[in-house]
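**Q** After the C-alpha cells below, expect a handful of questions from me.
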Amino acid sequence: MGTRGDDEDVQPLLHNEPDNSNRPVKIPIDRTVVREKANTKMRTAILVWLTLQNSIHTLLIRYSRAREVDEMFTSTVAVFLTEIIKLVMCLMMVIYEETPRKFFSTLNSQVINQPGDTLKVCIPAMIYTVQNNLFYVAASHLDAATFMITSQMKIFTTAIFSVIMLGRSLNKAQWVALFVLFVGVSLVQSQTSNVGNSSNDQSPVIGFTAVIVACCLSGFAGIYFEKILKGSAPVSLWMRNVQMSVFAIPASLIAVLVQDGDFVRAHGMLYGFDFIVWLTVFWYGIGGLSVAVCIKYADNIAKNFATSVAILLATLGSVWLFGFVPSLMFMLGAALVILSIFLYSNPAPFIQIFSSEKTIDG
1 MGTRGDDEDV QPLLHNEPDN SNRPVKIPID RTVVREKANT KMRTAILVWL
51 TLQNSIHTLL IRYSRAREVD EMFTSTVAVF LTEIIKLVMC LMMVIYEETP
101 RKFFSTLNSQ VINQPGDTLK VCIPAMIYTV QNNLFYVAAS HLDAATFMIT
151 SQMKIFTTAI FSVIMLGRSL NKAQWVALFV LFVGVSLVQS QTSNVGNSSN
201 DQSPVIGFTA VIVACCLSGF AGIYFEKILK GSAPVSLWMR NVQMSVFAIP
251 ASLIAVLVQD GDFVRAHGML YGFDFIVWLT VFWYGIGGLS VAVCIKYADN
301 IAKNFATSVA ILLATLGSVW LFGFVPSLMF MLGAALVILS IFLYSNPAPF
351 IQIFSSEKTI DG
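Okay, so the sequence shown: first residue is 1 according to full-length UniProt numbering, each after it adds one.
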C-alpha cells in the first residue's frame, strides 16, 4: 500500500514535467556586439549623409546663383529664411529631447531667464550671418569646385585663431598641413584667375575675396564661441542654436533692409523664389543639423573622408552642370588640400611614417 501510494504521489509529477527536448536552445546575445554593429551602420549612414550634404549644398548654391533666369532671388532674403528654418528645426529637436510638457519651461529657464548667457552668443551669431551672406557672394563668382576647395581655408583660420585666442600649440605636422593647405588653395585659385568667365557679371577676385573673408570670420567666430562656452551654464546644442537664432534672425533681417531694402519693397521678399531656391535654402538650413549629428556620431577620419569625397563630387558636378574643365594645376591643388585635411586632423600616422623612415636611415 505504501509503495502504491508513493507511486501515485510521484506519477502526477512525472506527467506534468515539461518536455524540453523539442524547445529551441536560447543562445545568449552579446549586446556589445549588437550595439557596435548598430553604431557602425549609423556611422556609415552619417558618412554618406555628410558627403552628399556637403557636395549637394555647394552645387545647389552655385547653380541657384549661376543659372540664367528672368527673376534672380535676393541672397540676403535666402539667408534670412535659412535662419528661420534652422530655428524651427532646433525647436523641434528641443521638443523631442525635453518632451512637449517641459519645452516651455526649458525655453524660459535657458533663454529668457538667462539673458547674460544668451547674450554671449550675440557676436558669433551675427558673424555667422555675415559669413553666410558672403558665401552667397562667393558662389555667384566662383565655380562650385573652386568655391568648396577655397572654403577649406577655414581650417587655416581656425587654427591660427586657436593659437592666438586659446593659446593652443600646434605640432610640426599640423603646421606643415596648414602650409600645404595654403599652397593647395593658391594653386586652385590660379586656374580661376587665369580662365575667363562665361559671364561678365562674374569676378573671380570678388569671389575669392568673399571666401577668404568668410573663412576668417568663421575661424574667429568658432574659436570665440568655444571660448565663451567655457564656464557657461550647460545647455544642449539645440538650445544653444535657439539662443543664436535670437540674434541671427534680426541681424539677417537688418541685412535685407540695408542691402536690398528698396528692391524688396518694390518686388517682395520672395521675388525669384522657385523650387531650386527653396531647395537651396532648406538644404542650407539642415546643414546645421548635419554638424550636430556629426559631432555626436562621426570621428575626424569620417569627417575628413566625407569632405574629401564631397570635393571630388563637387568637381564632377561642376564638369557636368557648368562645363568646368579642371587643369593639371587645379587637380594638384585639390590633392594638396585633401592631403592637408587628413594631415592636420590626424597627424599621428604621418609622424609615425616619417619617424620610421628616419629610424631606417639612421
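Every residue, glycine too, gets a C-beta built ideally from N, C-alpha and C.
#1: Between the C-alpha atoms of valine 180 and methionine 329, what's the straight-line distance to the nearest angstrom?
#2: Using a Cβ-Cβ cut-off of 6 Å (strictly less than) and excluding sequence neighbours within five positions of serine 198, which residues of its own chain qualify?
#3: Where does glutamate 8 sit, in a helix, a strand or coil, going by DSSP?
#4: Nearest-angstrom Cα distance between residue 370 and serine 345?
#5: Nearest by alpha-carbon distance to phenylalanine 182: which of Gln202, Thr157, Leu170 is it?
#6: So within the stretch 104–167, which uninterrupted alpha helix (DSSP H) runs reach at least 4 residues, ignoring any that extend past its ends?
#7: Taking the CB atoms as reference points, tell me whether serine 140 and arginine 65 lie closer together than 8 Å.
#8: Would you mind sorting lysine 37 into buried or exposed? The rule is 16 or more other CB atoms within 10 Å of its CB.
#9: Report the three-state DSSP secondary structure of lysine 54 (helix, strand or coil).
#10: Who are the Cβ neighbours of cysteine 90 in its own chain at under 6 Å, not counting the five residues just before and after it?
#11: Isoleucine 160 to arginine 101, Cα distance in whole Å?
#12: Under the assumption that isoleucine 311 contacts methionine 148 (Cβ atoms under 8 Å), give the Cβ distance between them as a whole number of angstroms.
#13: Would you call the stretch 109–126 in contact with the stretch 242–252, where contact means no fewer than 3 C-beta pairs closer than 8 Å?
#14: How would you write the range of the alpha helix (DSSP H) that serine 169 sits in, first residue to last?
#15: I'd like to confirm something about alanine 248: is its beta-carbon nearer than 7 Å to some heavy atom of the ligand GTP, or not?
#16: Drop a sphere of 10 angstroms on the beta-carbon of residue 376, count the other beta-carbons inside from all chains shown, and report buried for 16 or more, exposed for fewer.
#17: So is asparagine 171 buried or exposed if we call it buried at 16+ other beta carbons inside 10 Å?
#18: Do leucine 321 and tyrosine 63 have their C-beta atoms closer together than 8 Å?
#19: Residues in its own chain within less than 7 Å of asparagine 133 by CB, not counting five upstream and five downstream?
#20: If I measure Cβ to Cβ from phenylalanine 273 and keep anything under 7 Å in the same chain, skipping five residues before and after, which residues do I get?
#21: Please tell me whether serine 151 and glycine 317 are closer than 8 Å, where the distance is taken between their beta carbons.
#22: Can you tell which of Gly323, Phe305, Gly261 has the C-alpha that lies nearest to the C-alpha of valine 337?
#23: Rounded to whole angstroms, what is the Cα-Cα separation between glycine 116 and valine 281?
#24: Specify, as a first and last residue, the run of the alpha helix (DSSP H) that methionine 239 falls within.
#25: Residues in the same chain with beta-carbon distance under 6 Å from alanine 214, minus the five sequence neighbours each way, listed in chain order, please.
#26: Please report the distance separating the alpha-carbon of residue 384 from that of alanine 335.
#27: Can you tell which of Gly323, Ser290, Val319 has its C-alpha closest to the C-alpha of threonine 307?
#28: Give the secondary structure of glycine 272 by DSSP, where H, G and I count as helix, E and B as strand, and everything else as coil.
#29: Around the Cβ of proline 234, are there at least 16 other Cβ atoms within 10 angstroms (buried) or fewer (exposed)?
#30: Just reading off the alpha helix (DSSP H) that proline 204 is part of, what are its end residues?
#31: Please list the terminal residues of the continuous alpha helix (DSSP H) segment that includes glycine 333.
#32: Less than 6 Å between C-beta atoms, sequence neighbours within five positions excluded: which residues of the same chain meet that for valine 277?
**A** Taking the geometry as given:
#1: 14 Å
#2: Interpretation of serine 198 is limited by its pLDDT of 47, a score under 50 that renders its predicted location unreliable; the figure taken from the coordinates is listed afterwards. If we look at serine 198 and ignore the five residues flanking it on each side, it has no Cβ neighbours.
#3: Residue confidence is low: glutamate 8 scores 48 on pLDDT, short of 50, so the model does not pin down where it sits. Its coordinate-derived value is still stated next. Here glutamate 8 sits in helix by DSSP.
#4: Past the edges of the chain, shown from 1 to 362, lies residue 370, and the structure says nothing about it.
#5: Thr157
#6: 115–119, 122–141, 144–150, 153–166
#7: yes
#8: exposed
#9: Before going further, note that residue 54 is asparagine rather than lysine in the sequence given. Of the three classes helix, strand and coil, the one that applies to asparagine 54 here is helix, per DSSP.
#10: Trp238, Asn241, Val242
#11: 44 Å
#12: 6 Å
#13: yes
#14: Careful: serine 169 lies outside any alpha helix (DSSP H) and carries neither H nor E.
#15: Because no ligand of any kind appears in the structure shown, any question about the ligand GTP cannot be addressed here.
#16: Here the chain comprises residues numbered 1 to 362, so residue 376 is not present and cannot be evaluated.
#17: exposed
#18: yes
#19: Ser75, Thr76, Val79, Ala255
#20: Phe73
#21: no
#22: Phe305
#23: 31 Å
#24: 237–267
#25: Gln131, Leu134, Phe135
#26: One cannot answer for residue 384 here, as it falls past the ends of the chain, which runs 1 to 362.
#27: Ser290
#28: coil
#29: exposed
#30: 204–229
#31: 328–345
#32: Ser64, Phe73
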